[in-house]
Each structure stands twice: as C-alpha cells, then as structure tokens.
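In the numbering used here, the protein residues as written are 228 to 747. Quick notes on the structure that follows.
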C-alpha cells in the first residue's frame, strides 16, 4: 500500500510519499527527506502514540523516507501518515506478505501522545491535489472529514484515533463520500430567487434601515449584480462605511466550482470553519489600514495567501482607503487586471487566484470636511491633491463606480432604501444571465465587450459626449459598457438602452473631489 501525505506550499502544494524500511540494527528511527523541526519531532509523538494505542513499536531500526527528497516538509500533518506507514510495514513483515498491487491512500493528521487525532490545516487542498493525481481514498481526523468529502470523488474516513485509522487501512467499507457536485454543502436557510441561491438574510445587515442614501444603495446593488469595483467618498458620518459593510447581504452564494478554489485557499490558510466545509458564502475581507504588502498580497517562507487571495471570488473592502500605504494601493492594480498573483520565495514560485471585487471608502480630504456646506475644511489645496494622489489615476481607472456620498443627500431625500429582499430580485436576474454566459460582466475581455455590449446610434452619441466631457480612457469606456450591460441585465433587457447607458455614465463621471484630482 502506498501512503501519501501533503506538504503545503503556496496554492499548489505537493504530495509526499511516505516509505518505511525495517532493518536490523540498534533500535532507532531515522527520518530522511528534508524534514523541518515539526516533522522531525513527529518521531517521538508517533512512537508514544503507537504504544499508547495498544500496538507494539518495532524493535528494529526504522528508516522513514519522505519523497521527493529535495522538497522541504513542514508541519505536524505528517504524524498519522508516519505512524500508519510504520504499523503497515511491521504488519506486512510479521505476516510475511508482500503487497504486489499497492493502493494509494492520502493520510493527514496530528497525533497526541495518547493516540488521539487533532485536525490540521490544508486538508481540502490535499484532498483536491490527491484526487487530481488519481488517489481516491483518504484518512484524516474526524474534524477534517467534512471538508475532505467536498472534493468530488474522494472517499474519506474520519478517524478519532490511531487505532481507528489503522483498522481502516484494510477495510474499504469504512470510507464514505465520493459524491458529485449535486451533493455539495449548502448553508442552512439559504434563499432561492429566480434560480440563484442567496444566504439567509442577516437582520443586522438590512439595507432597508439605511436612510437618505438611495444612490449609494443603488450603486451597491449594481456592483453586487456585476462584480464591479466601487469607490465611495464623503464626509465622516455620512453613512458610506455603514452601507458598504452591509454589502455581503447582497451577494449570492458561490457556485460549487467557484467555492472549490475559495475553499482551497482558506484551507491552506487554516481559516476554514468546521460549520462550512465548502465556502459557498462569498468571502468579505476588511484588512486594517496598517496592513503591509506581504499581508495584502501574501508571502512568508511557505508563501501563505494574502488578503487579495483570501478575497478571491469575494470582496476586499478597504475602509479609510487613503490611510493605506501607497505601495499597498498600487500593488492592487495588477491583480485587479489579471485575476491572479504570483509569489516567489527562495527559488520557488506559486500563483494564487485573486479575482476579487474591490470596495473602497474614504474621506474627501485629510480633515474630512471638503465640500461640506456646514463645516470648514482646514486642508490646503496641495494637501488635498496629495491625499488623492495616493490612489493614482491607473488605480482609479479600474474603478467602474464612483459615488460621492454628501450631506446634501439627507436634505434632498427623506425615505428608507429598498429592503435587502427587494434588492436581491434584480441582482438574481443579472447573476443568472451572467452564469449562462460563463463570467461576470466586470471580467469581460475586449472581445466579450464587443459581443455583449453593443449599443445603438442614439446611445453612441451619449457615450461620445461623455467621453468628450470627461476625457475617458479606453479602459473607462470599456468599464461604462460593462456597467451598462449589468444594468440592462438587472432589467431583463437583451439590449443596452439609453437609460442604462446614462446611469452607467453617471456612476463613472468625474464628480466632486475626483474633479480636483483629475485636474479638470
């Protein structure tokens, strides 16, 4: 029997073959294969766990090989694989049997000295990698069994101790799972709207409670429907952060295909919840302003995922965005365009998916009072300009929706926003159409824009006028067409009409503080 374990590095990771040879000599355990400190300590944990589980540890010289030999092995997830490999080798030698047709199996788990099993991270990633290599069985801790079963075709045994795990090696009836995508995890109380699943509504994130900010709520609805990036700016206390923090309540559940890559990333980071073995709820990450480049893009000796990868197929929300370091903000530009990020460490590299939706909220100036009719701004024109130059024009050019949340809205409007349930209806209509196309509108390529975003002559005249007035770049023009396509999808319209284009232009135009920044 071939026993495999898993060494996490970056997004891909590597399968590790565990081999044991029992030979004559002074009883000892030799471990080869570039193991780190935690793996070397497994020798003592394994030895005690075997004896305390009622087994006899081989009174011979034990050689354990972890291959490939040039790959560094890290973590305590090798404990169970080492113990089972030793017991299997000892049993085979005592019985005089030679396994001529070895069956591969993935084994992961940390052992206590008593023989009980502890959960480890990266089990979902390990199971997915093993399944891709043709391995269809795995033994893990019972606490990790649910996430391993979410890998299509993988049969899993969730062991509570070493004795159970060893018994499962020779009993195929112990393994369950192997389900297809139709049996994948769905959160409780999910809501089905027009064929699109949404998570249960969170009353603490109800949009109906937001007053006098209908334009901002409309912008968030469009952003949720098409996956568009959004920038909201306004004076302190105007409600921009309050509204943006409720954005997850508008997002539909991820498809099983989308959830697999998200689950893999969170599994590698050790952030997977036992109550959600498959990440069907879109991630919503909100890092602090002191976050470093490594914290946002990822890094470390094992290339751990950063915030942008943890936001994959979800949302990255930067509150008080101007307070982030300029280098952090500029680093976002390439992942926003490519949907992935490549990290290189010590001669190795890995590529994480990072197709996230960017939401940013910021004040109009350092003191926050710029443009207020009732408060005095104490900032000089130069300080305001420097404040906005932290974003840079190329970064802002990738933001399809810009919303100026001013105090004037409160004087002009006096009513509550639409409820979350009402907002979800149009979002579901747009999401359903986009899933048929195969991608979100915000991710359209230039060829997709030509195919799906055709406009008539009247609308072309409106767009040309907007281009002349705002000096839009080609990326901005493409963004307007994508935004128009989303608004049309929300209305169930096959064609982009004039009203759709006008609304898209209104959200993209350089208004308020952006006029100062752009020099217009």
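For each residue, glycine too, the CB sits at the ideal point set by N, CA and C.
Within 10 angstroms of the Cβ of residue 716, are there 16 or more other Cβ atoms? Answer buried if so, exposed if not. Counting from one through the chain shown, the residue named residue 716 turns up at place 489. Buried, because 16 or more other Cβ atoms sit within 10 Å of the Cβ of residue 716.
Below 8 Å between beta carbons: does that hold for residue 247 and residue 232? Here residue 247 is taken as the residue at index 20 of the chain shown, counted from 1. Here residue 232 is taken as the residue at index 5 of the chain shown, counted from 1. No.
In this structure, does DSSP put residue 698 in helix, strand or coil? In the chain shown, residue 698 corresponds to position 471, counting from 1. It is coil, neither helix nor strand.
Can you give me the C-alpha to C-alpha distance between residue 638 and residue 680, rounded to a whole angstrom? In the chain shown, residue 638 corresponds to position 411, counting from 1. In the chain shown, residue 680 corresponds to position 453, counting from 1. Residue placement at residue 638 cannot be trusted, given a pLDDT of 48 that sits under 50; what the coordinates show is reported in the next sentence. Residue 638 and residue 680: Cα-Cα distance of roughly 37 Å.
Less than 7 Å between C-beta atoms, sequence neighbours within five positions excluded: which residues of the same chain meet that for residue 378? Along the chain shown, one-based indexing puts residue 378 at 151. The residues 351, 354, 355, 358, in chain order, have a CB closer than 7 Å to that of residue 378 in the same chain once the five nearest residues on each side in sequence are set aside.
Selection from 719, 720, 339, 702 that minimises the alpha carbon distance to residue 620: Residue numbering aside, residue 620 sits at position 393 when the chain shown is read from its first letter. Here the closest residue by C-alpha is 702.
Determine the contact status of residue 412 and residue 384, defining contact as a CB-CB distance below 8 Å. By 1-based counting over the chain shown, the position of residue 412 is 185. By 1-based counting over the chain shown, the position of residue 384 is 157. Contact: no.
Could you tell me if residue 536 is buried or exposed, where buried requires 16 or more neighbouring beta carbons within 10 angstroms of its beta carbon? Taking the chain shown and counting its residues from 1, the one referred to as residue 536 is at position 309. Residue 536 sits buried, since 16 or more C-beta atoms from the chains shown fall within 10 Å of its C-beta.
How many Å lie between residue 343 and residue 591 at the Cα? Numbered from 1 along the chain shown, position 116 holds the residue referred to as residue 343. Numbered from 1 along the chain shown, position 364 holds the residue referred to as residue 591. The alpha-carbon of residue 343 is positioned some 57 Å away from that of residue 591.
Identify the residues that DSSP records as bridge partners of residue 777: which are they? This structure leaves residue 777 out entirely; the chain is present only between 228 and 747.
Pair within 8 Å by beta-carbon distance, residue 645 and residue 719: Walking along the chain shown from the start, residue 645 turns up at place 418. Walking along the chain shown from the start, residue 719 turns up at place 492. Against a cut-off of 8 Å, the Cβ pair of residue 719 and residue 645 comes out as no contact.
Considering just the uninterrupted stretch of the beta strand (DSSP E) at residue 579, what are its terminal residues? Indexing the chain shown from 1 puts residue 579 at position 352. The continuous beta strand (DSSP E) containing residue 579 extends over residues 575–580.
Other residues of its chain near residue 362: CB distance less than 6 Å, five sequence neighbours each side excluded: As a first step, residue 362 must be located in the chain shown, where it is residue number 135. Counting only Cβ-Cβ distances below 6 Å, and skipping sequence neighbours, we find 331, 333.
In terms of alpha-carbon separation, which member of 445, 604, 599, 368 lies closest to residue 303? Counting from one through the chain shown, the residue named residue 303 turns up at place 76. The option with the nearest alpha carbon to residue 303 is 368.
Mapping DSSP to helix, strand and coil, what is residue 328? Residue mapping note: residue 328 aligns to position 101 of the chain shown, counting from 1. Residue confidence is low: residue 328 scores 45 on pLDDT, short of 50, so the model does not pin down where it sits. Its coordinate-derived value is still stated next. Residue 328 falls in the coil class under three-state DSSP.
Among 479, 461, 396, nearest to residue 218 - alpha-carbon criterion: No information on residue 218 is available, as it lies outside the stretch 228 to 747 that the chain covers here.
Quick test of the definition: if touching needs 3 or more C-beta pairs under 8 Å, does the region 561–579 touch the region 426–445? Counting Cβ pairs under 8 Å, fewer than three are found: no touch.
Quick one, are the C-beta atoms of residue 448 and residue 495 less than 8 Å apart? In the chain shown, counting from the first residue as 1, residue 448 sits at position 221. In the chain shown, counting from the first residue as 1, residue 495 sits at position 268. With a cutoff of 8 Å on beta-carbon distance, residue 448 and residue 495 are scored as not near each other.
Alpha helix (DSSP H) containing residue 557: first to last residue? For the purposes of this step, residue 557 is taken as residue 330 along the chain shown, with counting starting at 1. Looking at the DSSP string, the run of the alpha helix (DSSP H) that includes residue 557 is 553–558.
Let me know the beta strand (DSSP E) ranges lying completely inside the region 389–435, each 3 residues or longer, listed in chain order. Runs found: 418–420, 423–425.
If you count every other CB in all the chains shown that lies within 10 Å of the CB of residue 234, and 16 or more means buried, which is it? Position 7 of the chain shown, counting from 1, holds the residue named residue 234. The residue is buried, with at least 16 neighbouring Cβ atoms inside 10 Å.
CB-CB under 8 Å to residue 506, same chain, minus the five flanking residues each way: which ones, in chain order? Position 279 of the chain shown holds residue 506. Its chain contains 481, 486, 489, 490, 493, 499 as the residues whose beta carbon lies nearer than 8 Å to that of residue 506, once the 5 sequence neighbours on both sides are disregarded; these appear in chain order.
Roughly how many whole angstroms lie between the Cα atoms of residue 666 and residue 575? For the purposes of this step, residue 666 is identified with residue 439 of the chain shown, where counting begins at 1. For the purposes of this step, residue 575 is identified with residue 348 of the chain shown, where counting begins at 1. Those two C-alpha atoms are separated by around 31 Å.
Kindly list the residues whose CB is nearer than 6 Å to the CB of residue 312, restricted to its own chain and excluding five residues on each side of it in sequence; keep chain order. Position 85 of the chain shown holds residue 312. Around residue 312: 230, 245, 247.
Enumerate in chain order the residues of its own chain whose CB-to-CB distance from residue 595 is below 7 Å, with the five nearest sequence positions on each side excluded. The sequence position of residue 595 within the chain shown is 368, counting from 1. Excluding the 5 residues flanking it on each side, residue 595 has same chain C-beta neighbours closer than 7 Å at 462, 463, in chain order.
By DSSP's criteria, residue 732 is part of a beta bridge. Which residues make up the other side? The sequence position of residue 732 within the chain shown is 505, counting from 1. Looking at the DSSP output, residue 732 sits in no beta bridge, so it has no partner there.
To the nearest angstrom, report how far apart residue 636 and residue 599 are at their CA atoms. Within the chain shown, numbered from 1, the residue matching residue 636 stands at position 409. Within the chain shown, numbered from 1, the residue matching residue 599 stands at position 372. Its pLDDT being 47, under 50, residue 636 is placed unreliably in this model, and the value from its coordinates should be taken loosely. Spanning the two alpha carbons is a distance of roughly 12 Å.
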